[in-house]
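667 is the number that our numbering gives to position 22 of the sequence shown; each next residue is one higher, with no gaps.
Below is one structure; the comments refer to it alone.
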Amino acid sequence: MGSRWARATPNGPLRHQRGLTLTQAAEHLGTVPAPISELERGARLNIPLANAYLEYLNAA
Numbered sequence: 646m647g648s649r650w651a652r653a654t655p656n657g658p659l660r661h662q663r664g665l666t667l668t669q670a671a672e673h674l675g676t677v678p679a680p681i682s683e684l685e686r687g688a689r690l691n692i693p694l695a696n697a698y699l700e701y702l703n704a705a
């Protein structure tokens, strides 16, 4: 699971490819931008949020 996440968006490139902002992603996931930024930077891994974020990015 971790490696799947790491391949998907270690620094936000997939989100950028989709033309999404941190705020847009956070609003869709019902959170604020900070946890999304932490995921993208690898500062903190919240598995449920990471999985929801990855699903969102793959569907976008």
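Note that CB positions come from ideal geometry on N, CA and C, so glycine has one too.
All values reported here derive from a predicted model rather than from experimental measurement.
Exercise. What are the start and end residues of the alpha helix (DSSP H) that includes Arg660?
Worked result: Note, Arg660: alpha helix (DSSP H), 658-662.
Exercise. Can you list, in chain order, the residues of its chain whose CB lies under 8 Å from that of Arg663, leaving out five sequence neighbours each side?
Worked result: Closer than 8 Å at Cβ, skipping near neighbours: Leu702, Ala705.
Exercise. Alpha helix (DSSP H) containing Arg686: first to last residue?
Worked result: It spans 678-686 - the alpha helix (DSSP H) in which Arg686 sits, taken as one unbroken run.
Exercise. Is Arg660 near Ala671, with beta carbons less than 8 Å apart?
Worked result: Cβ distance not < 8 Å, so Arg660 and Ala671 don't count as in contact.
For this session: Kindly indicate which three-state DSSP category Leu674 falls into: helix, strand or coil?
Result: Reduced to three states, the DSSP call for Leu674 is helix.
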